[in-house]
Structure formats: C-alpha cells, structure tokens
Amino acid sequence: MVQQVETQKQKAGTTLVEVKGLKVHFPIKGGLLNRTVASVKAVDGVDLFIRRGETLGLVGESGCGKSTTGRAILQLIKPSAGSVKLDGVELTKLPPSQIRQKRSEMQLIFQDPFGSLDPRYTIGQIVSEPLENFRRGNSRAIREEVAHLLETVGINPLYVNRYAHEFSGGQRQRIGIARALALRPSFVVADEPVSALDVSIQAQVLNLLQDLQAQFGLTYLFVAHNLSVVKHISDRVAVMYLGRVVELAKSEALYEAPLHPYTQALLSAVPVPNPEIESRRKRIILEGDVPSPVNPPSGCNFHPRCWKAQAICREQIPPLEEKQPNHYAACHFPG
Amino acid sequence: MTGNLLEVNNLKTYFFTRGGVVKSVDDVTFSMKPSQTLGVVGESGCGKSVTALSIMRLVATPPGKIVSGEILFNGENILDKSKDELTDLRGSKISMIFQDPMTSLNPVFTVGYQIAETVKRHRKDVTNDQAWKRAIEMLDLVRIPDAKRRAKNYPHEFSGGMRQRVMIAIALACNPQLLIADEPTTALDVTIQAQVLELMKGLSHEFGTAVMLITHDLGVVAGTCQHVNVMYAGKIVESAPVKQIFDTPAHPYTIGLLNSVPRLDGTRGERLTPIKGQPPDLVNPPVGCRYAARCPKVQPRCRQEEPKLQPVGRGEQVAACFYPD
Chain A
7 MVQQVETQKQ
17 KAGTTLVEVK
27 GLKVHFPIKG
37 GLLNRTVASV
47 KAVDGVDLFI
57 RRGETLGLVG
67 ESGCGKSTTG
77 RAILQLIKPS
87 AGSVKLDGVE
97 LTKLPPSQIR
107 QKRSEMQLIF
117 QDPFGSLDPR
127 YTIGQIVSEP
137 LENFRRGNSR
147 AIREEVAHLL
157 ETVGINPLYV
167 NRYAHEFSGG
177 QRQRIGIARA
187 LALRPSFVVA
197 DEPVSALDVS
207 IQAQVLNLLQ
217 DLQAQFGLTY
227 LFVAHNLSVV
237 KHISDRVAVM
247 YLGRVVELAK
257 SEALYEAPLH
267 PYTQALLSAV
277 PVPNPEIESR
287 RKRIILEGDV
297 PSPVNPPSGC
307 NFHPRCWKAQ
317 AICREQIPPL
327 EEKQPNHYAA
337 CHFPG
Chain B
38 MTGNLLEVNN
48 LKTYFFTRGG
58 VVKSVDDVTF
68 SMKPSQTLGV
78 VGESGCGKSV
88 TALSIMRLVA
98 TPPGKIVSGE
108 ILFNGENILD
118 KSKDELTDLR
128 GSKISMIFQD
138 PMTSLNPVFT
148 VGYQIAETVK
158 RHRKDVTNDQ
168 AWKRAIEMLD
178 LVRIPDAKRR
188 AKNYPHEFSG
198 GMRQRVMIAI
208 ALACNPQLLI
218 ADEPTTALDV
228 TIQAQVLELM
238 KGLSHEFGTA
248 VMLITHDLGV
258 VAGTCQHVNV
268 MYAGKIVESA
278 PVKQIFDTPA
288 HPYTIGLLNS
298 VPRLDGTRGE
308 RLTPIKGQPP
318 DLVNPPVGCR
328 YAARCPKVQP
338 RCRQEEPKLQ
348 PVGRGEQVAA
358 CFYPD
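Heads up: the protein sequence lines correspond to chains A and B, in order. Here this note's numbering = 1-based position in the first sequence + 6. Here this note's numbering = 1-based position in the second sequence + 37.
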C-alpha cells in the first residue's frame, strides 16, 4: 500500500485523466412511434485534463452538465461521443467486465449523505463491500482494513455495527468517503461533497479531503457550484456553461483575472462575507436565464446573455484555446 | 409604542414530539425598526425559520406551540389575534417568501390570478379588472419580461428564479410593512441569486418595507442587511450592526462561523478552522451556555450559568457570552 502511494507521488504532475470532445446527449422520446424527437445536450464537447495529485475544480450553475461530465468520465453514464483516458487507457472502448476492474482505480463521492448509504446495511458492511467485491484479503484482513479506514476519516471504529441513520450528515459524508477510498483509487470524483452540509461541518469535511489527498496521493475532480469552496480546494478550475468548458486555468489566475465574460459575471455574483467589499463591488447582473440544453443557441452558447457579443459570436463556436500561458478560454473576445 | 415595527419578547416555541419537547426557539428577544433590513443567520436547526413562522403564526400546531412570550407588531400582540384578524394581517401587513420557489406557488392557477387573488383578499373595493392590472404591474416591477402575456402563464412555465420573483410580486402586492424572506435565494444559482437580491434590495428601499432576511450565507447578509442576529441552538447569541458582526465579532460562535467558510476573497490552500463537534440536541439542551461543548474559550462558569445578551462596549453590539472578544 505504501509503495503504491509512493509511486503515485513520484508520477505527480503527469496527466492522469484526459478527456477529449466528451459528449453526453440524452434522447427525448415522443410521438406515436416513440421515436427520438430531440436530445438534451447535457455535455456537448468537453475537453480537459487532470494531472496526477492535483485537484481540478469543475464549477457551473445547475444544469450546465458538470455532474454528468463527472459521471461520464467514470463511465457511469455512457458518453455519446469523445474519449476518456485514465492513465493512458481508453475507457470508452472497454468492455463492461474490464470497466468493472477499472472501478477500483476510480471512485465517486456523492452529494447527498442521506441517499447514498443503504439504510439496511451497517456502516461496517457499507465500507467493506468494495473490499469483498474485489476480494482484498480474508475476512479478518477486511475487518482490520475497515477499522483503519473509519479511523482515517474520523469515525470511531467501535461504531462499525451501527446503521447510517444513527449518524449526522457530516459523519455520513465521512462514511461515504471511507467507502470511496476502500480500494485505494488513484482518481476520485467528488460530486458536490459538501453542499448538503452546514458551514461548520463543511469545513471539517473539506479539511479531511485535503488531508486524505496528501496521505494517499489522490487526484480529485471536485464538482461543485459554490465558487468559494472550489477556489479553496482546487489547484486548477474549469468553468462550465451549458455543456461546455468555457474557461480553464490555475485557481489564482481564474479568480483574479477571469477571461471569459461568463466567469466574470459568475464571480461578481458571489457574495463575500465582508460588508465593506460588498458595498464597493460592482455586480455584473446577467439578463435572463440559462437557455435550454435541448436547443442551445448557435455559435457561442453564452452570446444571448453576453454584453460583449458580436456577429461572429452568433455564428462560430469559439474553441477552448490557450489565451495566456496555462489559461484556456473559449471566447472570441476574451479579457 | 417605542417606534419599533416589530418587537419579539421572550418568545418560546416548542415542538412536542414523541422523542420529547424540542425547544426550537427558546427565549428569543429582538426588535425591528420600520424599513430596517435585519439578517438572521445560523445553521440548520438553530431556530431561525421557526422564529419567522412564529411571527406569521404559521407554526404547525400540534406538534408545535408558542409556549410563552409576546410578538408586538405596531404595538399589538400578534399572539392575541383571532384567526380572522390574522388572515387580514398576513399578506397585507406582513408577507413571507419561502425557500423553495418550485412548491410555493399553486400549480393549477395562473401566476396573474395568484397575485390578483392576494390583492382582492385585502382590498375590498378593488374590482377584478383593477386586481388583474395590479398583478401585471407587480410582474413588471419584479422584471418579468412581457408581463401582460406572462400573467396568463402557469407556474411550471417559469424558471426557478422567475418563480421566486413571482413570489416576491405576491408578497409585495399589498405594500406590506414587513417582509419575511426565509432563505429566498438558497435554491437559486449564484447569478440568479444576484438578480433576486438586487431586486429585493431595490424594492424594499423604494417602498420602505422592512425586511427580515433569514439565511445561512454570511455573504448574502454582508451585502444586503443593516443589522444581524446570529442564532445558535434556539437562542440569539449575538446581535449587532452588520459591520461589527464582520469586523469585530464578539461571540465565539460568530467567530467560528466566519472562520469556517471558504471565501472568495481569501487565499487558496489556507486551512479552514472548522467548529469542532455538532450542535446540541434541543430536547435536552446542556445546562449553561449551549455553545460550551464546542467553544475554544470555554471556562467552568459557562457550563453552569447561562449567559444573557449583554452589550460588549461597542455601541449596539450585544453578545450572550461571559468572555466576549
């Protein structure tokens, strides 16, 4: 185990996950013959890469496709097009049996600490299930490993025989994290892991995620809508709008000098707990709502709400390009 | 009359459940001036929503019950009012906006009808036509584009942000003196949240409506409120003008809350300082200060005696702590 962590750390900085042209379209059936009449373009051409040992934050508003992207990377939803490589292995082409083997390397932490744990299982059973499925040792070894995992996430191992409902939201989230880490994955998708928690508990879980990353050499894709939380935990951040990544950069660069107008508006909308800053801030108030992903606008998706939009924005999709060193944006008029 | 629009004195709202008596709001006292914007912050279960529901007399009875205290609105005790007097009051003098814009509108009536209905209920001399006109006027005011046509639409034809605006239109249709907004933007995305908050700020300013904004988001409070009450485990632990809450917080819980949120203006990678442990069980709240078990500054006295709200020597700022900062 220690060896595994060491090799993870040695390879730090190389690309672990590479996503190219990822699309997930959900068909809408209708009409007399139940034919596909349209599709929800939830994810519509996402490119990104995640380096080993880093945390990539994926932010955006509801319905922008960030959770679907996370799940499509893990092959929990079958992508409609595009490629996903984990450690150089193309996942979209693998047969189901091999995907299943790969799952020990990639895991998911869920948003809802109440719905994601089976109420009829003890927490010991919940955490040991992945170990049993992958036959990691005899029952005694598994029992010891479960105790160790629970201790690592801050749950008293004496509670192994208790059920999920006996724990608070924050504790359940810790149990979900222990389960995700049971097989020592190298890549973890955390889908809104703290958004159901109160602020004081949220801080505990965020600190735990950071500690575990250092301890196990984990790589995170951290999906969230809260920009302050994402800034706090991520090395780099990707901003999504209507199924596409519109900006991808190092945290500091993205938050200090966003290039895409949508990122600028999004950041200006986040309230800061400081009345003086708040009274001086200029808000960019976007007009209207996010368009429907069934019929996204032509060209740049954001053009109907953008104050910089020109004729070209309505016609051509701006590609995600490196506008500044390591700072990617998909905009015809960045800055 | 002391010039206060609302005075809540020693309010106790308990819930009588099989597991015991939950002391959701336990001896809460505060007041609001006309046109004031008051923020009420705290984590889930601290009693902020129950306080609001008590003012509206909307606490489900049973299991809930306002056990004691008084709520003076314009000098009259709301707790002494009859059912009819209450329905006259609600929606005309005091209005409320709820968290979930998806379920707070009636799906089988058009939004125009739902606004007009409120107007007609409270203004006896208004004709149907006038009420409908008022509905369109209100939709216009909350910046629903093409209000005349949209008034004939049903709630499902609106997005979340627009529904919350319709709720605001209903709440403000009769020019209430007090608007209680219970987590009005929690279910909305940040850019939509910014739209709705901006709108509420503008309208309350224009009409001189006092707003009680209940939220768990300290950022929202910083941008919209003049005064803040911080609640913890059924009690107000600190109350101060907004600047002082953020610049010189006095109660350890307020400090803990401020330190545990990641902030957009903070530096990355800094470790957060969480508040250890969990809020107490309100069936059997601990003796003494309810925050004692989680407090970094706890002393033996805190576990024996309950601290009362006291001035901390900085103007209006009060805190319920023996050892305030």
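By construction, the Cβ of each residue, glycine as well, lies at the ideal position given by its N, Cα and C atoms.
TODO: Using a Cβ cut-off of 8 Å (strictly closer), state whether residue 307/A contacts chain B.
DONE: The sequence position of residue 307/A within the first sequence is 301, counting from 1. Between residue 307/A and chain B, the shortest Cβ-Cβ separation is not below 8 Å.
- [ ] Please check if any C-beta of chain A sits within less than 8 Å of the C-beta of residue 38/B.
- [x] On the second sequence, position 1 is the one that residue 38/B refers to. Bear in mind that a pLDDT of 47 at residue 38/B, under 50, signals an unreliable position, so the model cannot answer this.
Open item on the list: Within 10 Å of its beta-carbon, does residue 313/A have 16 or more other beta-carbons around it, so buried, or fewer, so exposed?
Closed with: Working through the first sequence from its first residue, we reach residue 313/A at position 307. Burial call: exposed.
Open item on the list: Here's the rule: buried if 16 or more other CB atoms are within 10 angstroms of the residue's CB, otherwise exposed. What is residue 146/B?
Closed with: Taking the first residue of the second sequence as 1, we reach residue 146/B at position 109. Counting the other Cβ atoms within 10 Å of the Cβ of residue 146/B gives fewer than 16, which makes it exposed.
- [ ] Inspect the beta-carbon positions of residue 151/B and residue 207/B and report whether they are closer than 8 Å.
- [x] Numbered from 1 along the second sequence, position 114 holds the residue referred to as residue 151/B. Numbered from 1 along the second sequence, position 170 holds the residue referred to as residue 207/B. Against a cut-off of 8 Å, the Cβ pair of residue 207/B and residue 151/B comes out as a contact.
Open item on the list: Classify residue 280/A: buried if its beta carbon has 16 or more other beta carbons within 10 angstroms, exposed otherwise.
Closed with: Position 274 of the first sequence, counted from the start, is the residue given in the question as residue 280/A. So residue 280/A ends up on the buried side.
Task: Three-way DSSP call (helix, strand, coil) for residue 234/A in this model - done: Taking the first sequence and counting its residues from 1, the one referred to as residue 234/A is at position 228. Looking at residue 234/A - three-state DSSP - the assignment turns out to be helix.
TODO: Within the region 51-123 of chain B, note down every full alpha helix (DSSP H) run reaching 4 residues or more, in order along the chain.
DONE: Counting only unbroken stretches of 4 or more residues, the alpha helix (DSSP H) elements lying wholly within the region 51-123 of chain B are 85-93, in sequence order.
TODO: Could you tell me whether any Cβ in chain A is nearer than 8 Å to the Cβ of residue 300/B?
DONE: Looking up residue 300/B in the second sequence gives position 263. At a cut-off of 8 Å between beta carbons, residue 300/B contacts chain A.
Open item on the list: To test your reading of the DSSP string, which unbroken beta strand (DSSP E) runs of 3 or more residues are found completely within the region 244-280 of chain B?
Closed with: DSSP runs (the beta strand (DSSP E)) wholly in the region 244-280 of chain B: 247-252, 264-269, 272-278.
Open item on the list: For residue 162/A and residue 322/B, I'd like the C-alpha separation in whole angstroms.
Closed with: For the purposes of this step, residue 162/A is taken as the residue at position 156 of the first sequence. For the purposes of this step, residue 322/B is taken as the residue at position 285 of the second sequence. Straight-line Cα distance between these residues: approximately 24 Å.
- [ ] Take residue 38/B and list the residues in its own chain whose beta-carbon comes closer than 7 Å to its own, dropping the five residues that flank it on each side.
- [x] Taking the first residue of the second sequence as 1, we reach residue 38/B at position 1. Confidence at residue 38/B is low in this model, with a pLDDT of 47, below 50, so its placement is unreliable and the value that follows should be read with caution. When the five nearest sequence neighbours on each side are left out, the beta carbons in the same chain lying within less than 7 Å of the beta carbon of residue 38/B are those of 112, in order along the chain.
- [ ] For the beta strand (DSSP E) containing residue 112/A, list its first residue and its last residue.
- [x] Within the first sequence, residue 112/A is the residue found at index 106, counting from 1. Boundaries of the beta strand (DSSP E) around residue 112/A: 112-115.
Task: Beta carbon of residue 308/A nearer than 8 Å to that of residue 268/A - done: Along the first sequence, one-based indexing puts residue 308/A at 302. Along the first sequence, one-based indexing puts residue 268/A at 262. One thing to note: residue 308/A has its Cβ within 8 Å of the Cβ of residue 268/A.
- [ ] Have a look at the DSSP bridge pairing and note the partners of residue 133/B.
- [x] Along the second sequence, read from residue 1 onward, the residue named residue 133/B stands at position 96. Partner(s): 217/B.
Task: Counted within 10 angstroms of its Cβ, other Cβ atoms place residue 87/B as buried (16 or more) or exposed - done: Indexing the second sequence from 1 puts residue 87/B at position 50. Taking a 10 Å sphere around the C-beta of residue 87/B, we find 16 or more other C-beta atoms and assign the residue as buried.
Task: Partner residues on chain B for residue 154/A, Cβ-Cβ distance less than 9 Å - done: Residue 154/A sits at position 148 when you count from the first residue of the first sequence. Going along chain B, no residue has its Cβ under 9 Å from residue 154/A, so there is no contact; the nearest lies around 23 Å.
TODO: Could you check how far apart the C-beta atoms of residue 246/B and residue 214/B are, in whole angstroms? I think they sit under 8 Å.
DONE: The sequence position of residue 246/B within the second sequence is 209, counting from 1. The sequence position of residue 214/B within the second sequence is 177, counting from 1. With a Cβ gap of about 7 Å, residue 246/B and residue 214/B count as contacting.
TODO: Could you check the C-alpha separation between residue 180/B and residue 237/B for me, to the nearest Å?
DONE: As a working mapping, residue 180/B is identified with position 143 in the second sequence. As a working mapping, residue 237/B is identified with position 200 in the second sequence. Cα-Cα distance, rounded: 11 Å.
Open item on the list: Less than 8 Å between CB atoms is the rule here; does residue 240/B satisfy it with respect to chain A?
Closed with: Stepping through the second sequence from its first residue, residue 240/B is reached at position 203. No - not a single Cβ of chain A is within 8 Å of the one on residue 240/B.
- [ ] Would you verify that the beta carbon of residue 301/A is, or is not, closer than 8 Å to some beta carbon of chain B?
- [x] Against the first sequence, residue 301/A aligns to sequence position 295. Cβ-Cβ to chain B under 8 Å: no for residue 301/A.
Open item on the list: Considering just the uninterrupted stretch of the alpha helix (DSSP H) at residue 283/A, what are its terminal residues?
Closed with: Mapped onto the first sequence, residue 283/A falls at position 277. In the DSSP assignment, residue 283/A falls within the unbroken alpha helix (DSSP H) covering 281-286.
Open item on the list: Taking the straight line between their C-alpha atoms, what separation do you get for residue 71/B and residue 285/A?
Closed with: Here residue 71/B is taken as the residue at index 34 of the second sequence, counted from 1. Here residue 285/A is taken as the residue at index 279 of the first sequence, counted from 1. Cα to Cα, residue 71/B sits roughly 22 Å from residue 285/A.
Task: Terminal residues of the alpha helix (DSSP H) in which residue 346/A lies - done: Limits of chain A in this structure are 7 at one end and 341 at the other, which puts residue 346/A out of reach.
Task: Own chain residues within Cβ distance below 6 Å of residue 293/B, not counting five before or after - done: Counted from its first residue, the second sequence places residue 293/B at position 256. Beyond the five residues adjoining it in sequence on each side, residue 293/B comes within less than 6 Å, by CB distance, of 312 in the same chain, given in chain order.
Open item on the list: Assuming contact is defined by CB atoms lying nearer than 8 Å, are residue 79/B and residue 288/B in contact in what I supplied?
Closed with: On the second sequence, position 42 is the one that residue 79/B refers to. On the second sequence, position 251 is the one that residue 288/B refers to. Cβ distance not < 8 Å, so residue 79/B and residue 288/B don't count as in contact.
Task: Residues of its chain near residue 224/B, where Cβ-Cβ distance is below 7 Å and the 5 sequence neighbours each way are ignored - done: If you number the second sequence from 1, residue 224/B lands on position 187. Here the set comprises 136, 137, 138, 197.
TODO: Note down, in chain order, all residues in the region 52-84 of chain B with a beta-carbon under 8 Å from any beta-carbon belonging to chain E.
DONE: The chain inventory of the structure shown lacks chain E, comprising the protein chains A and B.
TODO: State the Cα-Cα distance for the pair residue 200/A and residue 125/B, rounded to the nearest angstrom.
DONE: Residue numbering aside, residue 200/A sits at position 194 when the first sequence is read from its first letter. Residue numbering aside, residue 125/B sits at position 88 when the second sequence is read from its first letter. Straight-line Cα distance between these residues: approximately 42 Å.
Task: residue 38/A burial status per 10 Å Cβ neighbour count (16 or more: buried) - done: Translated into positions along the first sequence, residue 38/A becomes position 32. So residue 38/A ends up on the exposed side.
TODO: Find out if the Cβ-Cβ distance for the pair residue 292/A, residue 311/A is shorter than 8 Å.
DONE: Residue mapping note: residue 292/A aligns to position 286 of the first sequence, counting from 1. Residue mapping note: residue 311/A aligns to position 305 of the first sequence, counting from 1. Cβ atoms of residue 292/A and residue 311/A: closer than 8 Å.
Open item on the list: My output table needs one value for residue 38/B: the three-state DSSP class, helix, strand or coil.
Closed with: The count along the second sequence starts at 1 and reaches residue 38/B at position 1. For residue 38/B, the pLDDT reaches just 47, beneath the cut-off of 50, and the residue's location in the model is therefore unreliable, leaving the point undetermined.
TODO: State the start and end residues of the unbroken alpha helix (DSSP H) segment that holds residue 261/A.
DONE: Mapped onto the first sequence, residue 261/A falls at position 255. Counting along the chain, the alpha helix (DSSP H) containing residue 261/A begins and ends at 257-262.
- [ ] Could you have a look at residue 23/A and say whether DSSP puts it in helix, strand or coil?
- [x] On the first sequence, residue 23/A is found 17 positions in, with the first residue counted as 1. In the structure shown, residue 23/A sits in a strand (DSSP, three-state: E or B).
Task: Cβ of residue 72/A within 8 Å of any chain B Cβ - done: One-based indexing of the first sequence puts residue 72/A at position 66. No, residue 72/A does not count as interfacial toward chain B.
TODO: Select from 132/A, 84/A, 136/A, 73/A the residue whose C-alpha is nearest the C-alpha of residue 181/A.
DONE: Taking the first residue of the first sequence as position 1, residue 181/A is located at position 175. Nearest option by C-alpha distance: 132/A.
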